[in-house]
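Protein chains in written order, with my numbering: chain A, 1117 to 1875; chain B, 466 to 731; chain C, 39 to 196.
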Amino acid sequence: MSRIIGAAIPRIDAREKVTGSARFLSDLKFPGMWVGHIVTSPKPHGIIRSVEVPEVGHEAGIVITHKDIPGTNQIGIVQKDQEFLAIGRVRSMAERIALIAARDQFTAERIKQDIRIEIEPLPLVDDPLYSLDSQAPQIHASGNLVARLSVRRGDIEEICGTADVIVEGTYRTGYQEHAYLETQGAICVPEGNGRYTIYSTCQCPFYVRSAVAGILGIPQSKIRVKQTYTGGAFGGKEDYPSEVAACAALLAFHTNKPVKIVFSRAEDFTFSTKRHRTVIHHTLAAMADGTMRGMKADIIFDAGPYSGLSVVVAERGNSSVCGPYELDAVDVTTRVVYTNNLFTGAFRGFGAPQVTFATERQIDELARRVNMDPQQIREKNLWKRGSKTASGERLNEYVAMRQTFRQALRLSSYRRRKRQYRVGQKSDSILRGIGISTSYYGNNLHKGGERLDRSQAFVSIQDDGSVTVSVGLTEMGQGLLTAVAQIVAGELGIDVAKVEVMHVDTDKIQDCGPTVASRGTIMSGMPARRAARTLKRRILKTIANRFDAKNLVIENDRIIDRKSDTVLLDWDQGIALCYAERVEMAALGFHVPPEKPYDSATGQGKPYAVNSYSTHMAEVEIDTGTGLVRVSRICAVHDIGRAINRQGVRGQIEGGIAQGAGLALWEELVTSDGHLLTDGFTDYAVPGMGEIPEISFELVEHPWSGGPFGAKGIGEPSLIGVPAAIANAVSDALGKPVYEIPLTPERVLSLIDDNSVSS
Amino acid sequence: MALIHPYNGSTILAGGTDLLVRIRRERIYPETIISLEALGWNAIRRTRNSVEIGSMVTAAQLSACDCPELGVLSCAASQVGGAQIRNMATIGGNVVNASPAADMALALVALDADVTIVGPKGERRIHLHDFFRGPGQTILSNEEIVRSFHIPVNHKISEHWFRKVGPRSRHFISRVALAAVVTGIKDRISSIRMALGSVAPVPLRAKHTERYLETSERIGEKEIETAARMASTEDCKPISDHRSSEEYRRRIVYNIVKEFLWECAG
Amino acid sequence: MVELHIRVNEREHTLRIDPRSRLLDVLRNDLDLTGTKEGCGEGECGACTVIVNGKAVDSCLMLAMQAHGSDILTIEGLAKNGVLNSIQQAFIDEGAVQCGFCTPGFIMSTYALLVSNPSPTHEEIYSALDGNVCRCTGHTSIIRAVERAANALRTERE
């Protein structure tokens, strides 16, 4: 088993990807297929005065508006505040007004050019702080405040009153575009028998099924969603694919033809969701010896025109802002507000990278104020076993935070490097700095999403000994299918090569919730292991009866009698025997994590199943001539429970570092009056090969009983602490505070040139 | 890259790296596209006094070319787009596209290049400096195309310099760029040509700064400071756009001119 | 419609195509070679990289007619008789494949590099691959894969 679990086995779907034979969404063709296009609002906020649709012969194309929705014109994933196709009002330039299907691309473009839309503009709200002003135009009838969340414990006023030091700062984080290489898309095929098959590049096939059912007004049993090879997601394919799929479905419904929609890159940038930009006003109360006493935070998440997943993202930000630190009092208020800007949603980290940036910066500022090293402050205050969290949860299990911290300091030679930088800062043109961040991540869905938190796996053994597995969580490049194959093979005692794991098909498995919150390995691995164990028991029981033996195990494709240490049968023979005896050779596994006690009004209780801890160290070099920041080195230590596939874990860590660095330094979405000006890779600077730092990492493997073979998630922890460490390194290099990311060259240069400190 | 104005109603295709982006963005399909590929204008030729570069020579060819007289141009060419684009993008297309951020065009301006233009009335040769009228605009008529560029050979050039500044290390449109060639004697500059990119409607020679440096007795700290300031105030007219602000661009001009001159001073 | 003669992965084709087609469209739609991907359509990501007459190009930026009479190699042409090319194998072994969408483009750019420069320096690798973008791996494993492939190919030649 240890040969497989934790090994660096090449992924099981690599071959088809390196040969180009893996069929992604845009590669799929169906006879008689038409292409679909989405027509969106030409203005960011206004009233629709008229929509003129050209006459189109039904053999050439079709145009659809809200009048053509057989079901309900509503696609809001949590709150029902989002029309699928606009009726009276538009609130962003991503808002759909009409859908086109045509027999080919050029015909569709011609039709699109002939559609005339007249919008009477309404005043724009493009600043989240302004949005809360009573004078601001109300974007929805319910007002601009979507939700308000809190975490409150202890007496923050008393703590602030008796503290030696109060560190205050207002921090800002910018939008981020997922920039998955494969753009959004969907195909809907009417099967002719009242059923529709949706091919979707997505993280959550069950969300897609539910959304399409609502728009078409048909039962979910009439819809089959098949997740395709998915070319990257990072949260950007959590909710938005439902909208794309519903477009394809509605067009297929009306034309009775297969309809394919594939976004251009500019459409993807403009229409699909982004990481939330935030404004965080943060107060840290501490003593002169560096002991932290309390934290106060006022966090604003800019939801854009619709609430989408914003409240869920805000929940994580709300819960995580106080960081892995012992505090006597906390007072967090988190607000989600509407604006007419970009539609925001899920993105790897889900609110945590933003709040972690603010808190980690505050800690470094505290270090400056009390004349201590940032390392010492953290050493004084980090959680350990028995610590109480901001939500009042007492951490009674082993808390790996300090272990990751110690290891990261050692791995990075932090103290020595810092000394070198202090001494060596002679060269005027390059400034060097080193920064730390310590962070944690609450695995799996927040208490608020608990009703979605269950999953199933189906494992079937064929009469030739090969195994097929269906799970309900999706592969999007992170290596989920391979991890599941290893878990099943590991449990059964067979070669991984015998196990085939499918992309999600909603006809084959029950709703397992979304593949988000780094829950993929946990929620596919646990039920898969259970199903495999059930099968293993049946196989061993059958063989035991036949041979009148006990203490049988399966190892390396052989059934072995442990007592006499003899091989009874090989795997294929064992399976043949079971088939001969008509044993049930498929099994279901189910996993539902325990309920978490939590009070959303006070934010007290246990919001997450278990925490993962991470420490990052970043070294940067700043070109003082241009302001361009180069990350020379990143060290990361992650508390991962148990690595299932070492190669996959490495991939997540290296990828998370690049993407986190992009959020910290190079990626900026520029909007003006509700228009997105950076709508492609020409101006949106995704880190390239020249940006990558030297990376060192270590894993702390302290198995968690709630994960398969002890595994916790790594998808998001691999990114969350990265921007904070980099920002701290930049601040160290500049010798001044940093309040905003991305730290673009322009921003850095003005920090270098500006001799005043702003807050 | 391609000419984007009509040629008797047709569109000229050189490498295609600009034309196809425009077609895709604007969804306008030209009636007729004429490719210049077959004309064979893809050679780099040395004569005694000049280097002649056919307009269809690609950025990759220039980047790999072992011609010391073309140092700044090779350097600029090596940083055009990404590798695949360099294999297709032509120097003619880069110039005719007339983006103020064009890299190869900037180097040609610093090299004091001439351009040979052909049309129905015959051939004419003009100084590249007079070729640009504004962003995306040149003096070419509807019926003219660019055949080649001519760079006067100057063996006394001691320094070729190209620097392009942007949001990451490679593959970006410049926020500010500097292409320069210097002829120096000890610590005096006898002649210098500096071209600034992305800070004016066209690739611009920093004439005030050049004159100042050429008439200075020596190039020391004071002169470098003055020259850098001059370049960033008098010799550029940057705008603020979604890529950068005017202030940042001026600041970068100041910084990179200063860096360049210190490098020259040794 | 116009007639296009093209040689792809050592096979000759004569096709009638819409002149507005890009080389990318002809490969994916007319020839059903869907290994070459469209990531941006603007020459910024390299997912559409193919080799035309020995040079790596963005097939999204080339009109199909520009490739008339040309010799084209796509990802589908690399493996021989089911045996993976060393570059493909190196990408698998170094974990340089995650979602797989950028992979064909990177492999083709790597192929173009190693054919002309079997022992590239780090700088030369960066320069040859600066037209390709990967969002999943952060590029670190890709560099390892290119170096591994270069070693393997040099060993093969010896």
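For each residue, glycine too, the CB sits at the ideal point set by N, CA and C.
Throw me the rounded Cβ distance for the residue i and residue j pair, which I believe falls under 8 Å.
i                          : j                         : result
isoleucine 1193 of chain A : aspartate 1355 of chain A : 5 Å
proline 1331 of chain A    : leucine 1366 of chain A   : Contrary to the premise, residue 1331 of chain A reads as isoleucine rather than proline in this sequence. Indeed they touch by this definition, with Cβ atoms about 6 Å apart.
arginine 628 of chain B    : isoleucine 550 of chain B : Wrong, their Cβ atoms sit about 20 Å apart, outside the cutoff.
Step through the CB atoms of chain B and report whether any lies within less than 8 Å of the CB of residue i.
i                         : result
serine 1801 of chain A    : Going by the sequence as given, residue 1801 of chain A is alanine instead of serine. Yes, alanine 1801 of chain A counts as interfacial toward chain B.
glutamate 1298 of chain A : no
leucine 71 of chain C     : no
To which residues of the same chain is residue i closer than 6 Å at the C-beta, ignoring the five residues directly before and after it?
i                       : result
proline 1237 of chain A : Lys1159, Gly1162
proline 1306 of chain A : Tyr1312, Ala1368, Asn1372
proline 1239 of chain A : Pro1253
alanine 467 of chain B  : With a pLDDT of only 42 at alanine 467 of chain B, under the threshold of 50, the placement of this residue in the model should not be trusted, and no figure is reported.
valine 184 of chain C   : Thr148, Ile163
alanine 660 of chain B  : Leu571, Val574, Ala575, Ala644, Pro668, Arg670
valine 1683 of chain A  : Arg1674, Ile1676
I'd like to know if residue i contacts chain A, where contact means its C-beta is closer than 8 Å to some C-beta of that chain.
i                         : result
histidine 177 of chain C  : yes
proline 632 of chain B    : yes
isoleucine 717 of chain B : yes
isoleucine 638 of chain B : yes
glutamate 491 of chain B  : no
leucine 151 of chain C    : no
Please classify residue i: is it buried, with 16 or more other beta-carbons within 10 angstroms of its beta-carbon, or exposed?
i                         : result
serine 1874 of chain A    : Confidence at serine 1874 of chain A is low in this model, with a pLDDT of 41, below 50, so the placement of that residue is unreliable and no value is reported for it.
isoleucine 493 of chain B : exposed
tyrosine 1729 of chain A  : buried
alanine 665 of chain B    : buried
lysine 1666 of chain A    : exposed
histidine 620 of chain B  : exposed
valine 1864 of chain A    : buried
arginine 49 of chain C    : exposed
serine 606 of chain B     : exposed
histidine 615 of chain B  : buried
Leaving out five residues on either side along the sequence, give the residues of the same chain with a beta carbon under 7 Å from the beta carbon of residue i.
i                         : result
glutamate 76 of chain C   : Leu62, Ala85, Cys86, Cys98
arginine 1762 of chain A  : Gly1122, Ala1123, Ala1124
tyrosine 1422 of chain A  : Gly1192, Asp1197, Gln1198, Phe1459
glutamine 1602 of chain A : Ile1120, Ile1121, Ile1125, Val1612, Ile1760, Asn1761
arginine 658 of chain B   : Ala575, Asp577, Ala645, Val646, Arg670, Glu675
Leaving out the 5 sequence neighbours to the left and right, which residues in its chain are closer than 8 Å to residue i when beta-carbon positions are compared?
i                     : result
lysine 672 of chain B : Asp700
Please confirm whether residue i has its beta-carbon closer than 8 Å to some beta-carbon of chain C.
i                         : result
glycine 505 of chain B    : no
aspartate 1079 of chain A : Summary: the structure shown does not reach residue 1079 of chain A, with chain A confined to residues 1117 through 1875, and so no result is reported for it.
isoleucine 689 of chain B : no
serine 1634 of chain A    : no
arginine 635 of chain B   : yes
glycine 601 of chain B    : no
glutamate 1566 of chain A : no
serine 1875 of chain A    : Confidence in serine 1875 of chain A is poor, its pLDDT being 35 and thus under 50, which makes the residue's placement unreliable; the coordinate value appears in the next sentence. Serine 1875 of chain A does not count as touching chain C.
Would you call the region 1784-1796 of chain A and the region 1448-1468 of chain A touching, i.e. three or more CB-CB distances under 8 Å?
Result yes; three or more Cβ-Cβ pairs closer than 8 Å.
Using a Cβ distance threshold of 8 Å, determine whether the region 1825-1832 of chain A contacts the region 1623-1637 of chain A, with at least three qualifying pairs required.
The region 1825-1832 of chain A is in contact with the region 1623-1637 of chain A.
The region 1788-1798 of chain A / the region 1721-1738 of chain A touching (three or more Cβ pairs under 8 Å)
Here the region 1788-1798 of chain A does not lie against the region 1721-1738 of chain A, with fewer than 3 beta-carbon pairs under 8 Å apart.
Three Cβ pairs or more, each shorter than 8 Å: is that satisfied between the region 537-547 of chain B and the region 568-585 of chain B?
Short answer: they touch.
Within 8 Å, do at least three Cβ pairs link the region 1586-1606 of chain A to the region 1121-1135 of chain A?
Counting Cβ pairs under 8 Å, three or more are found: they touch.
Taking contact to mean 3 or more Cβ pairs, one atom from each stretch, closer than 8 Å, check whether the region 1467-1487 of chain A and the region 1305-1313 of chain A are in contact.
Verdict: no, contact absent.
Across the region 582-602 of chain B and the region 625-640 of chain B, are there enough close Cβ pairs to call them in contact, namely three or more that are closer than 8 Å?
Inter-segment contact for the region 582-602 of chain B and the region 625-640 of chain B is absent: fewer than three beta-carbon pairs are separated by less than 8 Å.
If you pair each beta-carbon of the region 1601-1615 of chain A with each one of the region 1640-1650 of chain A, do three or more pairs fall below 8 Å?
Because the criterion of three Cβ pairs below 8 Å is met, the region 1601-1615 of chain A and the region 1640-1650 of chain A touch.
Whether or not the region 524-539 of chain B and the region 48-67 of chain C are in contact is what I'm after, with contact meaning three or more pairs of Cβ atoms, one per stretch, closer than 8 Å; do they touch?
Contact fails: fewer than three Cβ-Cβ distances are below 8 Å.
Determine contact between the region 1490-1497 of chain A and the region 1657-1664 of chain A, defined as no fewer than three beta-carbon pairs at a distance below 8 Å.
No: fewer than three Cβ pairs fall under 8 Å.
Count the CB pairs spanning the region 1395-1413 of chain A and the region 1337-1344 of chain A that are closer than 8 Å, and state whether there are at least three.
Short answer: they don't touch.
Count Cβ pairs between the region 1680-1698 of chain A and the region 1552-1563 of chain A that sit closer than 8 Å; are there 3 or more?
No, the region 1680-1698 of chain A does not touch the region 1552-1563 of chain A.
Taking one C-beta from the region 1688-1703 of chain A and one from the region 1570-1585 of chain A each time, how about it: are there three or more such pairs within less than 8 Å?
Taking 8 Å as the limit for Cβ pairs, the verdict is that the region 1570-1585 of chain A does touch the region 1688-1703 of chain A.
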